[in-house]
Structures are given as C-alpha cells and as structure tokens.
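Residue numbers (the working numbering): 2 to 132. The structure appears below as structure tokens.
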Amino acid sequence: EVVLLIAHGMGDEGENDRVLASMNRAANQLTREGYADVEVATLREDWQEKRAEAEAYIRGYVEDQSGEHSVLVIPMRLSGFGPYGDVLAGLEYHRGEGLLPHTDIGRWVLDTANEITCSTGWGPIKDTCRP
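Written out as structure tokens, the structure is:
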C-alpha cells in the first residue's frame, strides 16, 4: 500500500511549504509503519493556476501508483473528503475521512490555542507556556 496525504494548501509559496513540512512529519511516521511509499500534496484549492498544477501532480501520483499498489488517500482536513473525490474521479484509490470526530482533536485545539496565546503574550490557556 501507498499513502497520499492531501490538504487544502496555501497560495503563498512560503506558507504552502510550511504546510507541506508539517505534513511531511506525519508522512515520516507513516513511512516507519511500513507503507511502500508515503507522499504529501496540497491542492491549493483557492488559487486556480496553482490548483491546476497541483491537480495534475496529485492525479499523476495516484495513476502511477495504482498500477502496482493499493493507494490510500487520506485528507488532512477536519472533516469529510473535501473536493478530492472530484479531483480523483475515474482513478482507482481508497479514501479516508477527515480528522473529526477523532478523540485527539480536542487536545489539538487546546494545545494550538495555548501555543498562540503564549506566543502573543496573552498568557496560558493551559497550565503554563512552554519556553
């Protein structure tokens, strides 16, 4: 099996690179689980020119891999499968769903809020701010 982690993405190259870097951390964990390949991609859903290029890349990856492997497409979004079904129409793959209602989402929301409030000097939401 191979895995494609896919997310919304950003219009700005630097911001999109940060999204991909975060996704790559998750991909590295999946690689250690023994998948034949783990790839990350962003659709860049709101930027037509960048989206066209991203769609071609995403479709190409699934087409290339599906001949030899079972392709698992996992959306890195809060819920559902988003527009990825339309992008992958006619291709052979297995789809996952978004993160909700996963039990760790509440902890992630709280950790993220705490990180933001601590970094802005507003103080901790949880016990303390990490250095």
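The C-beta atom is built at its ideal place from N, Cα and C for all residues, glycine as well. Bear in mind that the values here come from a model prediction, so they are computed numbers and not experimental data.
Residue i: first and last residue of the uninterrupted alpha helix (DSSP H) it sits in
i	result
residue 21	14–33
residue 52	49–67
Bridge partner(s) assigned by DSSP for residue i
i	result
residue 88	DSSP lists no partner for residue 88.
residue 40	5
residue 117	BP columns for residue 117 are empty, so no partner.
residue 95	73
Residue of the options minimising C-alpha distance to residue i
i	options	result
residue 47	29, 6, 118 and 11	11
residue 42	2, 63, 100 and 35	63
residue 109	94, 129, 79 and 95	79
residue 99	69, 114 and 77	77
residue 38	21, 15, 71 and 81	71
residue 69	93, 107 and 40	93
Span of the beta strand (DSSP E) around residue i
i	result
residue 75	72–76
Beta-carbon spacing of residue i, residue j below 8 Å
i	j	result
residue 60	residue 52	no
residue 14	residue 36	no
residue 75	residue 4	yes
Supposed close pair residue i, residue j - CB separation, criterion 8 Å
i	j	result
residue 27	residue 6	6 Å
residue 73	residue 103	In fact, because the Cβ distance is near 17 Å, the residues do not count as touching under 8 Å.
residue 114	residue 126	5 Å
residue 88	residue 50	Residue 88 to residue 50, Cβ: 16 Å. No contact.
Proximity test, residue i beta-carbon vs the ligand FMN heavy atom, cut-off 7 Å
i	result
residue 38	The ligand content of the structure shown is nil, which means the ligand FMN is not present either.
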